[in-house]
Amino acid sequence: MEILFELLRSRGISGDESETKNLILNYIHKRKDAWKVCPDIFSGDELQDCIILKFGKPRTAVFAHIDTIGFMTRYQNQLVAVGGPDFGDSTIVVGEDSLGSIKCTVREVDGNLEHDFPRKTDIGTCLSYYQDIRIDEEFIQAAYLDNRLGVYNCLKLAENLENGWIVFSTYEEHGGGSVPFLLKFIQSNSPIRQALVSDITWITEGVSHHEGVVISVRDRNIPRRSFINKVIGLARESGIPFQLEVEGSGGSDGREIQNSEYAIDWCFIGAAEDNVHSPNEKVSLKDLDSMLKMYQYLMAKL
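Position 93 of the sequence shown, counting from 1, maps to 93 under the UniProt record's numbering, and the rest follow consecutively.
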C-alpha cells in the first residue's frame, strides 16, 4: 500500500493537482511494463493535469478524480474554501508559499474563515489538511480518502486490465470541468458506451461499514436503470460483498458524464466513509478490499 500512503500525503487541491498528477504518472511509468497489458499513456498540456490510460480495445471507462477539498488564502488572514471542507476550530492545515512552509489552524469568525499563521502569506496559497494516517485491523483513517482510495483502486485495476480506459480527472470537488474534454478525447480515439466512477461515498442509515462496496442506484443524478440493473446482476454473480445506496444529493464525475453530449451509461461504485471531507475520514478495510475485487470483476465482464 506504499503508493496509497504517497497519494494520501500528496497535495492536490482542486485547480492545483500537478503534484498528484506527477506522482501518479511516475508510478505508471515505473510499473507499466510489469502489468498484464502495457497501456497507451496520454498526458500533457492538452489534457491539463489529467491522465488517460488505454488498455487493449476498451468497452468501458473508469473515472477517478485526483483533486481534493481544502482552502485558499485571501487577504490578511482570510481563507476561502475549495470544495466543501468539514472542519473544527482546531483543524490543522499546511501549505507552502514563496517564503516557506506554512502550518496553522483554521477557525470560523462571524461566519468568515480565517487562519492563525503568524505572518502574511502569499495571496492564493493553497492549504490542505495536515495528514495523519491511521490503520488498524478494521479501518483506515486519514484526510483525503476521498478520493485517494478511488485513485488507488484504479492503479490496482491497471495491473491486470486487458481492455478499458482508466481516466484520472481533475476539478471534481469544486464544480468539475475536466470530464467533457476527457470524454471528447476518448470518443475521438476509441469510443465507449459505458463508464464506472471510482470514488468514495457516505456511511448513512442504509449504508454500513464492513458490508461491502457500495453500488449507487442514484444520487443527485439518476443513471439509466437498465445499466444499473446490469451492474447489480454482475455484482451478485461475482459473490463479492456489496451494498446498494439511494441518495437525493451528492454528485461525482458521473454528473458530467450524464450531462455530456455522449450517450454513455454510468454507475458510481465505491467504498463508504465516515467523517466526510474532514481530516478524519474513515473507511473499512473490508469494504476497500471488496471495491478492489469488484472493479477487477466488472471490468472483465462489462
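For glycine and all other residues, C-beta sits at the position ideal for the given N, C-alpha and C.
* Residues that N112 bridges to, as DSSP identifies them -> Position 112 of the sequence shown holds residue 112. DSSP, once it has assigned bridges, lists V109 as partnering N112.
* **Neighbourhood of S98 by C-beta, 6 Å cutoff - its chain only, sequence neighbours within 5 removed** => Numbered from its first residue, the sequence shown carries residue 98 at position 98. Hits under 6 Å: D122.
* To do: Assign T20 to one of three DSSP states: helix, strand, or coil.
  => Here the question's residue 20 lines up with position 20 in the sequence shown. Note: T20 maps to helix in three-state DSSP.
* Spell out a yes or no on whether the segment 235-245 and the segment 186-193 are touching, meaning 3 or more CB-CB pairs, one atom from each, closer than 8 Å. => no
* Report the three-state DSSP secondary structure of C38 (helix, strand or coil). => The residue labelled residue 38 in the question sits at position 38 within the sequence shown. The answer is coil: DSSP assigns C38 none of H, G, I, E or B.
* To do: Tell me whether G134 sits in a helix, a strand or coil according to DSSP, three-state version.
  => Translated into the one-based positions of the sequence shown, residue 134 becomes position 134. Per the sequence shown, residue 134 should be read as Arg rather than Gly. If DSSP states are grouped into helix, strand and coil, R134 belongs with the strands.
* Mapping DSSP to helix, strand and coil, what is I92? -> Counted from its first residue, the sequence shown places residue 92 at position 92. Three-state result, I92: strand.
* Can at least three beta-carbon pairs, one atom from the segment 270-285 and one from the segment 86-97, be found at a separation below 8 Å? -> yes
* Asked: Helix, strand or coil: which one does DSSP assign to E261?
  -> Numbered from 1 along the sequence shown, position 261 holds the residue referred to as residue 261. Three-state result, E261: coil.
* Can you list, in chain order, the residues of its chain whose CB lies under 8 Å from that of A271, leaving out five sequence neighbours each side? -> Translated into the one-based positions of the sequence shown, residue 271 becomes position 271. These residues qualify, in order along the chain: L149, I200, T201, V213, V214, V283, S284, D287, L288, S290, M291.
* Asked: In terms of DSSP beta bridges, what is R218 paired with?
  -> Reading the sequence shown from its first residue, position 218 is the one you call residue 218. In the DSSP output, where bridge partners are listed per residue, R218 has V246.
* Alpha-carbon to alpha-carbon, S198 and R236 -> Residue mapping note: residue 236 aligns to position 236 of the sequence shown, counting from 1. Residue mapping note: residue 198 aligns to position 198 of the sequence shown, counting from 1. Whole-angstrom Cα-Cα distance: 19 Å.
* Out of curiosity, what's the CA-to-CA distance linking R11 and G70? -> By 1-based counting over the sequence shown, the position of residue 11 is 11. By 1-based counting over the sequence shown, the position of residue 70 is 70. Near 10 Å, if we compare the C-alpha coordinates of G70 and R11.
* To do: Taking the CB atoms as reference points, tell me whether D67 and K54 lie closer together than 7 Å.
  => Counting from one through the sequence shown, the residue named residue 67 turns up at place 67. Counting from one through the sequence shown, the residue named residue 54 turns up at place 54. It is not a contact, given that the beta carbons lie outside the stated cut-off.
* V276, enclosing beta strand (DSSP E) - first and last residue -> Start at 1 with the first residue of the sequence shown, and residue 276 comes out as number 276. Per DSSP, V276 belongs to no beta strand (DSSP E) and is neither H nor E.
* To do: Hey, could you find the ends of the alpha helix (DSSP H) S252 is sitting in?
  => Translated into the one-based positions of the sequence shown, residue 252 becomes position 252. Taken as a continuous stretch (DSSP letters only), S252 belongs to no alpha helix (DSSP H), as it is neither H nor E.
* Asked: What's the gap between the Cα of residue 303 and the Cα of G95?
  -> Residue numbering for the chain in the displayed model covers 1 to 302; residue 303 lies beyond these limits and cannot be assessed.
* Asked: When you compare each of Y297, F63, N163 to V151 by their alpha carbons, which one comes out closest?
  -> Start at 1 with the first residue of the sequence shown, and residue 151 comes out as number 151. Looking at the Cα atoms, F63 is the closest of the given residues.
* Can you name the residues that DSSP bridges to Y297? -> Looking up residue 297 in the sequence shown gives position 297. Note: Y297 sits in no beta bridge, so no partner.
* Euclidean distance between Cα positions of I257 and G250 -> The residue labelled residue 257 in the question sits at position 257 within the sequence shown. The residue labelled residue 250 in the question sits at position 250 within the sequence shown. Spanning the two alpha carbons is a distance of roughly 15 Å.
* Which residue from I3, E6, Y295, E273 puts its Cα closest to that of I140? -> Stepping through the sequence shown from its first residue, residue 140 is reached at position 140. Per the Cα distances, E273.
* Rounded Cβ spacing between I228 and Y297 (contact assumed at less than 8 Å) -> As a working mapping, residue 228 is identified with position 228 in the sequence shown. As a working mapping, residue 297 is identified with position 297 in the sequence shown. With 8 Å as the limit, I228 and Y297 do not qualify as a contact, their Cβ atoms being about 16 Å apart.
* To do: Compare the beta carbon distance of D253 and E172 with 7 Å and say whether it is the shorter of the two.
  => Along the sequence shown, read from residue 1 onward, the residue named residue 253 stands at position 253. Along the sequence shown, read from residue 1 onward, the residue named residue 172 stands at position 172. For D253 and E172, yes; Cβs fall inside 7 Å.
* To do: Could you spell out where the beta strand (DSSP E) holding Q78 opens and where it closes?
  => Stepping through the sequence shown from its first residue, residue 78 is reached at position 78. First-last of the beta strand (DSSP E) with Q78: 78-82.
* Using the Cα positions of S260 and D116, report the straight-line distance between them to the nearest angstrom. => As a working note, residue 260 is residue 260 in the sequence shown. As a working note, residue 116 is residue 116 in the sequence shown. C-alpha separation (whole angstroms): 42 Å.
* Asked: From the DSSP output, which residues share a beta bridge with F87?
  -> Translated into the one-based positions of the sequence shown, residue 87 becomes position 87. Answer is none; F87 lacks a bridge partner.
* Could you spell out the range, first to last residue, of the alpha helix (DSSP H) harbouring Y152? => As a position in the sequence shown, residue 152 is number 152, starting the count at 1. Unbroken alpha helix (DSSP H) run through Y152: 145-157.
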